[in-house]
Amino acid sequence: MLRVKQNLLQRLRQVTTQADLHEFLLAAIQLEHSTIPPYLTALYSLKPGTNPAAAKIITSIVREEMLHMTIAANLLVALGGKPAFSAPGFVPSYPGPLPMQVDDDLQVGLEPCSQALIYDTFMRIEQPQEPLALPLKNGGTSQYPAAPPGPYPTIGDFYETLIGKLESMPVTWGPASAQVTPETTGSAWFRKTDWFPITSLEDAKRAVNVIVSEGEGATSSPVDEDGDPAHFYRFGEIYYGALLVQDPAPGWSYTGADVKLDEGQVFPMTPNASASMYPAGTRARRLVDEFNQAYMQILLGLDTVFRGQPQRLNTVLGLMYQLRILAYEVLTQPDPNNPAQSTGLTFEYVPQVVS
Numbered sequence: 191m192l193r194v195k196q197n198l199l200q201r202l203r204q205v206t207t208q209a210d211l212h213e214f215l216l217a218a219i220q221l222e223h224s225t226i227p228p229y230l231t232a233l234y235s236l237k238p239g240t241n242p243a244a245a246k247i248i249t250s251i252v253r254e255e256m257l258h259m260t261i262a263a264n265l266l267v268a269l270g271g272k273p274a275f276s277a278p279g280f281v282p283s284y285p286g287p288l289p290m291q292v293d294d295d296l297q298v299g300l301e302p303c304s305q306a307l308i309y310d311t312f313m314r315i316e317q318p319q320e321p322l323a324l325p326l327k328n329g330g331t332s333q334y335p336a337a338p339p340g341p342y343p344t345i346g347d348f349y350e351t352l353i354g355k356l357e358s359m360p361v362t363w364g365p366a367s368a369q370v371t372p373e374t375t376g377s378a379w380f381r382k383t384d385w386f387p388i389t390s391l392e393d394a395k396r397a398v399n400v401i402v403s404e405g406e407g408a409t410s411s412p413v414d415e416d417g418d419p420a421h422f423y424r425f426g427e428i429y430y431g432a433l434l435v436q437d438p439a440p441g442w443s444y445t446g447a448d449v450k451l452d453e454g455q456v457f458p459m460t461p462n463a464s465a466s467m468y469p470a471g472t473r474a475r476r477l478v479d480e481f482n483q484a485y486m487q488i489l490l491g492l493d494t495v496f497r498g499q500p501q502r503l504n505t506v507l508g509l510m511y512q513l514r515i516l517a518y519e520v521l522t523q524p525d526p527n528n529p530a531q532s533t534g535l536t537f538e539y540v541p542q543v544v545s
């Protein structure tokens, strides 16, 4: 999983009250969110009706990243804090390091889907400390990016330290009614086994385990507790071109149904664009601005949902469908700076005017 700054864990180990934990959970929410724009950009860049297997895999990962963000936000609410999705600084600048990330060479941007993006960026984000070498259809064995040297902790270590602090201090757990759950939203967006109110230490442990296991899997297995491949190995299905299946000898192998990524059916989107690249008054600029404003409406809606109105979750989720429609409008618009490319998705923070 993502390596995090050593001093972050050092500061976390020094906290003494549950209120002290709020800033760390705010950072965790920000981190869980930060992978969603890059993953969505790759997903949206697949031309509609093409690359169905790859699209299904990326969609499933995005959905679980949204669950992880929800879990982190619920834990913050359970401890008396308030998420701040629409605050300045919440949205990362792409390309760049992710929140909490140690200063290694991993730069995460907004790029069209490609084998190189899957391997060099997405699999590095999700890579466990000891990835399993698994047989491939061609008779070889899966090879993974080398982890940068250095004894840095991972995001899994961060969550383990967080649970340790909860075990060591008196905690007053907030009511389930204030959290975003199937009961308070009337939504079945996530599995109930993974999405539940956090009202005790045991609930917190279960919730954190969902985040960690879905990201990197178990040490000796590529699947999580529900039997689904962890994100790292799911991205591997795209890169190695085959679904991960149980195999009598090694346990698991990339020898299932083919997963084809046809890069000829990917919008040639300008990578790592920004709204400022497009001249005011152009159709490209208008579409990018509309997309970013729709993205901000989702973040503002999440603030409302996690600050006392969980029943509005379905309304916010509806905005996701609008975002997808706007994404395709952007991606089918030639870039005025380079008409051979599509206008780029930017996922930028937009200051809101308070009337």
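For the sequence shown, my numbering assigns the number 545 to the last residue and increments by one with no breaks.
For each residue, glycine too, the CB sits at the ideal point set by N, CA and C.
Between P325 and Y334, the beta carbon gap of about 14 Å keeps them out of contact (Cβ cut-off 8 Å). Within the model, the alpha-carbon separation for P440 versus S411 is close to 10 Å. At the C-beta level, P541 and S532 stay beyond 8 Å of one another. The beta carbon of P469 sits closer than 8 Å to those of R475 and P526, all from its chain and outside the five residues before and after it, given in chain order. T445 is the residue among T445, N462 and D452 whose C-alpha sits nearest the C-alpha of G329. Comparing alpha-carbon positions, the option among R193, M290, L434 and G508 lying closest to D414 turns out to be L434. Rounded to whole angstroms, the separation of the alpha carbons of Q220 and F280 is 6 Å. Beta-carbon to beta-carbon, V456 and P302 are separated by about 5 Å, close enough to satisfy the 8 Å threshold. Between the C-alpha atoms of Y309 and F422 there is a straight-line separation of about 10 Å.
Collapsing the DSSP output to three states places S304 in coil. Contact annotation: F496 and P282 have beta-carbon atoms that are not nearer than 8 Å.
Burial is judged here by how many other beta carbons sit within 10 angstroms of a residue's own beta carbon; Y511 has fewer than 16 and is exposed.
One alpha carbon belongs to Q319, the other to W379, and they sit about 30 Å apart.
Here G286 carries a strand assignment [DSSP, helix/strand/coil]. The segment 237 to 245 and the segment 450 to 466 touch, with no fewer than 3 CB-CB distances between them shorter than 8 Å. Between the alpha carbons of L296 and K195 lies a distance of about 13 Å. In the displayed model, R193 falls within a strand according to three-state DSSP.
P285 is a Cβ neighbour of N462, given a cutoff of 8 Å. The DSSP assignment places complete alpha helix (DSSP H) segments of no fewer than 4 residues inside the segment 331 to 386 at 345 to 358 and 372 to 375, in order along the chain.
With contacts defined by Cβ atoms closer than 8 Å, L266 and L215 form a contacting pair. Excluding the 5 residues flanking it on each side, D384 has same chain C-beta neighbours closer than 7 Å at L257 and V400, in chain order.
Here T375 really is in contact with Q501; their C-beta atoms are around 6 Å apart, less than 8 Å.
Short of 7 Å from the beta carbon of A268, and not among the five residues preceding or following it, lie these beta carbons of its own chain, in chain order: W363, G364, Q369, I388 and T389. DSSP links L236 through a beta bridge to V456. Counting along the chain, G491 sits inside the alpha helix (DSSP H) bounded by residues R473 to F496. Note that the C-beta distance between L202 and L352 is below 8 Å. S443: member of the beta strand (DSSP E) spanning G441 to S443, first to last residue.
Residue L492 holds the alpha-carbon nearest to the alpha-carbon of S276 among L230, E350, L492 and G498.
Nearest C-alpha to S377 among L507, I515, A218 and Y539: L507.
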